[in-house]
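K.L.:
Sequential numbering of the sequence shown, starting at 1, is according to full-length UniProt numbering.
Below is one structure. I have some questions about it.
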Amino acid sequence: MGIIKIIGLGSSELEQLPLGVYRTIKQSDKLYVRTKDHPIVKELEEEGIEMSFFDEYYEKFSSFKQVYPAIVEKLLKLSENKDIVYAVPGHPMVAEKSVQLLLESGKTVEIVGGKSFIDDMFQAVAIDPVDGFQLLDAFDLSHDEIQTGQAVIVMQVFNQLMASEVKLTLMELYPDDHQVCRIDAAGSRYEEIKWMPLYELDRFEGVHNLRSVYIPPLKRDERVRSFELLQLYIDEITSENGDVWIREQTPKSLLAYLKEETNELIQAYEQEDMENVIEELGDVLLQILYHTNLAEKTGQFSLEEVLEAINRKLRRRHPHVFDGISAETVEEVNTIWQEIKKKEKEERR
């Protein structure tokens, strides 16, 4: 049974390829390459390297969830009786689904290495990532995961449809005119860098398989859609040098304000005033954070403990959502809840 050697082709030309990777390529009988759309392929062809590509799989299947398992299945079959070399763009361990599937398959795999495109990305935009950054895949992009206080790189923004989806997701957190950078083939002679407002991100045609987007961090007071910013404000307001009024409050004195804001929220809903509902929900949230902040300062409990309690409760009380238990009607859900609540009471005794 053969092994699969996996190499990374980097993000640019042959001259930037690590020596060990180059030797592995030269010593291989045939190089299996995930995609032909890479600057180095033409140079390898000129050197007489025999290669086989998997680009046809992208046309054969309707989704990437089908493509990568199919590539892996083919590689496993090819390596049944001989060693093979599989090449991917960038570094094998950076955002390569096919490599992860190979590692999970139990097959003997050897990662030879390669240069990640990340270094070239930060060089292209002249940014030092010392303060941290996020590397996200356009296919799985969710606004819940994005930290707007850090630099963000979104990979695989390869066509207009994908760019539109990325743009809409980013607009949930960033201003429409926030400057972002679109980078093609970072680090290669074909590198192209273009800064633009976020709303223009999807204004292009064609397919660009080596395209990524860099999103600079927002300044602190710009992160107005961030829960973290709210926590920062609360911490400053309740600090020794913060607001005098809040420092004089106790949990009991704050209850009156919690009741008041809750009543105002109810009234806003009854009046179907959604703009006011937004404001009143914020006021109720503020009161909750005042309570958790005060409790933390007096050593009673923390916001994290509150989050842990509610997360554990949600997970525990929804087995019909998370654990595959059937509950097709409200009555069935209520039955599940009552059984769980009964068990919880018994455990507290």
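All residues carry an ideal CB built from backbone N, CA and C; glycine is no exception.
In this text the structure is predicted, and so the values were computed from the model without any measurement.
Which residue's Cα is closest to the Cα of Gln249: Ala295, Arg211 and Pro216?
P.N.:
As a first step, residue 249 is located in the sequence shown; it is residue number 249 there, counting from the start. Nearest of Ala295, Arg211 and Pro216 to Gln249, Cα basis: Ala295.
K.L.:
Measuring only the C-alpha atoms, how far is Arg247 from Arg317?
P.N.:
Counting from one through the sequence shown, the residue named residue 247 turns up at place 247. Counting from one through the sequence shown, the residue named residue 317 turns up at place 317. One C-alpha to the other measures close to 37 Å.
K.L.:
Please name the residue, chosen from Leu103, Ser188 and Ile146, that lies closest to Leu173 on a Cα-to-Cα basis.
P.N.:
What you label residue 173 is simply residue 173 of the sequence shown in a count that begins at 1. Nearest of Leu103, Ser188 and Ile146 to Leu173, Cα basis: Ile146.
K.L.:
Could you tell me whether the region 83–95 touches the region 2–12, where touching means 3 or more Cβ pairs closer than 8 Å?
P.N.:
Yes, they touch.
K.L.:
Out of Ser212, Val224 and Asp55, point me to the one whose CA is closest to Gly282's CA.
P.N.:
Within the sequence shown, numbered from 1, the residue matching residue 282 stands at position 282. If we check each option's Cα against that of Gly282, Val224 comes out closest.
K.L.:
Go through the region 180–220 residue by residue and report every complete run of the beta strand (DSSP E) that reaches 3 residues or more, in order.
P.N.:
Segments of the beta strand (DSSP E) lying fully in the region 180–220: 192–197 and 211–215.
K.L.:
Are the CB atoms of Phe117 and Ser11 within a distance shorter than 7 Å?
P.N.:
The sequence position of residue 11 within the sequence shown is 11, counting from 1. The sequence position of residue 117 within the sequence shown is 117, counting from 1. For Ser11 and Phe117, yes; Cβs fall inside 7 Å.
K.L.:
Buried or exposed: which applies to Met121, given that a residue is buried once 16 or more other Cβ atoms fall within 10 Å of its Cβ?
P.N.:
Residue numbering aside, residue 121 sits at position 121 when the sequence shown is read from its first letter. Under this definition Met121 is a buried residue.
K.L.:
Just curious, the alpha helix (DSSP H) that Lys30 is in, first and last residue?
P.N.:
Counting from one through the sequence shown, the residue named residue 30 turns up at place 30. Careful: Lys30 lies outside any alpha helix (DSSP H) and carries neither H nor E.
K.L.:
Alpha carbon to alpha carbon, how far is Gln160 from Lys345?
P.N.:
The residue you call residue 160 lines up with position 160 of the sequence shown. The residue you call residue 345 lines up with position 345 of the sequence shown. C-alpha separation (whole angstroms): 54 Å.
K.L.:
Considering Cα atoms alone, identify which of Val72, Pro18, Tyr199 and Pro89 is closest to Pro39.
P.N.:
Locating residue 39 in the sequence shown gives position 39, counting from the first residue. It is Pro89 whose Cα lies nearest to the Cα of Pro39.
K.L.:
Report the rounded CA-to-CA distance for Tyr190 versus Val207, giving the unit in angstroms.
P.N.:
Reading the sequence shown from its first residue, position 190 is the one you call residue 190. Reading the sequence shown from its first residue, position 207 is the one you call residue 207. Whole-angstrom Cα-Cα distance: 15 Å.
K.L.:
With DSSP as the reference, label Tyr174 as helix, strand or coil.
P.N.:
Within the sequence shown, residue 174 is the residue found at index 174, counting from 1. Coil.
K.L.:
In angstroms with no decimal places, state the Cα-to-Cα distance between Tyr32 and Leu307.
P.N.:
The residue you call residue 32 lines up with position 32 of the sequence shown. The residue you call residue 307 lines up with position 307 of the sequence shown. Rounded to whole angstroms, Tyr32 to Leu307 spans 48 Å at the Cα level.
K.L.:
Could you tell me the boundaries of the alpha helix (DSSP H) in which Ala256 lies?
P.N.:
By one-based count along the sequence shown, residue 256 stands at place 256. Note, Ala256: alpha helix (DSSP H), Pro251 to Glu270.
K.L.:
In terms of residues, what are the limits of the beta strand (DSSP E) holding Gln66?
P.N.:
On the sequence shown, position 66 is the one that residue 66 refers to. First-last for Gln66: Phe64 to Leu78, but that is the alpha helix (DSSP H), not the beta strand (DSSP E).
K.L.:
Taking its Cβ as the centre, do 16 or more other Cβ atoms sit within 10 Å of Arg59, making it buried, or is it exposed?
P.N.:
Against the sequence shown, residue 59 aligns to sequence position 59. One detail in the question is off: residue 59 reads as Glu in this sequence, not Arg. Result: exposed.
K.L.:
For residue 350, report the span of its alpha helix (DSSP H) as first-last.
P.N.:
The chain is shown only over 1 to 349; residue 350 falls outside these bounds and no answer can be derived.
K.L.:
Restricting to Cα atoms, I'd like to know which of Val94, Ala163 and Leu102 is closest to Phe139.
P.N.:
One-based indexing of the sequence shown puts residue 139 at position 139. Checked all of Val94, Ala163 and Leu102; the closest Cα to Phe139 is Ala163.
K.L.:
How is the alpha helix (DSSP H) around Ile237 delimited, first residue to last?
P.N.:
Here residue 237 refers to the residue found at position 237 of the sequence shown. That run of the alpha helix (DSSP H) goes Phe227 to Ile237.
K.L.:
If you reduce the DSSP assignment to three classes, tell me which class Val157 lands in.
P.N.:
Within the sequence shown, numbered from 1, the residue matching residue 157 stands at position 157. Of the three classes helix, strand and coil, the one that applies to Val157 here is coil, per DSSP.
K.L.:
Please identify the residue among Asp137, Val72 and Gln134 whose C-alpha is closest to the C-alpha of Ser105.
P.N.:
For this step, residue 105 is matched to residue 105 along the sequence shown. Here the closest residue by C-alpha is Val72.
K.L.:
Who are the Cβ neighbours of Leu254 in its own chain at under 8 Å, not counting the five residues just before and after it?
P.N.:
Within the sequence shown, the letter at position 254 stands for residue 254. Counting only Cβ-Cβ distances below 8 Å, and skipping sequence neighbours, we find Gln287, Tyr290, His291 and Leu294.
K.L.:
Which residues bound the beta strand (DSSP E) around Met51?
P.N.:
Sequence index remark: in the sequence shown, residue 51 carries index 51 (1-based). Taken as a continuous stretch (DSSP letters only), the beta strand (DSSP E) holding Met51 covers Met51 to Phe53.
K.L.:
Within 10 Å of its beta-carbon, does Lys341 have 16 or more other beta-carbons around it, so buried, or fewer, so exposed?
P.N.:
Looking up residue 341 in the sequence shown gives position 341. By the 10 Å Cβ count, Lys341 comes out exposed.
K.L.:
Check each candidate in Phe301, Thr329 and Asp184 and name the one with the smallest Cα separation from Glu192.
P.N.:
On the sequence shown, position 192 is the one that residue 192 refers to. It is Asp184.
K.L.:
Going along the chain, which residues of its own chain have a beta-carbon closer than 6 Å to the beta-carbon of Glu50, five neighbours each way excluded?
P.N.:
Indexing the sequence shown from 1 puts residue 50 at position 50. Excluding residues within five positions, the ones whose Cβ falls inside 6 Å are Lys30.
K.L.:
Cutting at 7 Å between CB atoms, please list the residues of its own chain near Met274, excluding the five before and the five after it.
P.N.:
On the sequence shown, position 274 is the one that residue 274 refers to. Once the five neighbours on either side are set aside, Met274 has no close Cβ partner at all.
K.L.:
Along the beta strand (DSSP E) that carries Ile3, what are the first and last residues, could you check?
P.N.:
By 1-based counting over the sequence shown, the position of residue 3 is 3. From DSSP, Ile3 is part of no beta strand (DSSP E); its letter is neither H nor E.
K.L.:
Going by other Cβ atoms of all chains shown within 10 Å of its Cβ, with 16 needed for buried, is Ser142 buried or exposed?
P.N.:
By one-based count along the sequence shown, residue 142 stands at place 142. So Ser142 counts as exposed.
K.L.:
Please classify Gly20: does DSSP put it in a helix, a strand, or coil?
P.N.:
Taking the first residue of the sequence shown as position 1, residue 20 is located at position 20. Three-state result, Gly20: helix.
K.L.:
If the criterion is Cβ atoms closer than 7 Å, does the pair Val99 and Val21 meet it?
P.N.:
Residue mapping note: residue 99 aligns to position 99 of the sequence shown, counting from 1. Residue mapping note: residue 21 aligns to position 21 of the sequence shown, counting from 1. No, they are not a contact pair.
K.L.:
Are there 16 or more other CB atoms within 10 angstroms of the CB of Ala124, so buried, or fewer, so exposed?
P.N.:
Residue mapping note: residue 124 aligns to position 124 of the sequence shown, counting from 1. Classification of Ala124: buried, given that the 10 Å Cβ count is 16 or more.
K.L.:
Taking only the alpha-carbon atoms, compute the straight-line gap between Gly48 and Glu205 and give it to the nearest angstrom.
P.N.:
Start at 1 with the first residue of the sequence shown, and residue 48 comes out as number 48. Start at 1 with the first residue of the sequence shown, and residue 205 comes out as number 205. Distance between the alpha carbons of Gly48 and Glu205: 33 Å.
K.L.:
Using DSSP with H/G/I as helix, E/B as strand and the rest coil, what is Phe61?
P.N.:
Within the sequence shown, the letter at position 61 stands for residue 61. Correct three-state label for Phe61: coil.
K.L.:
Exposed or buried, which one is Gly114 when buried takes at least 16 other CB atoms within 10 Å?
P.N.:
Mapped onto the sequence shown, residue 114 falls at position 114. Flag for Gly114 reads buried.
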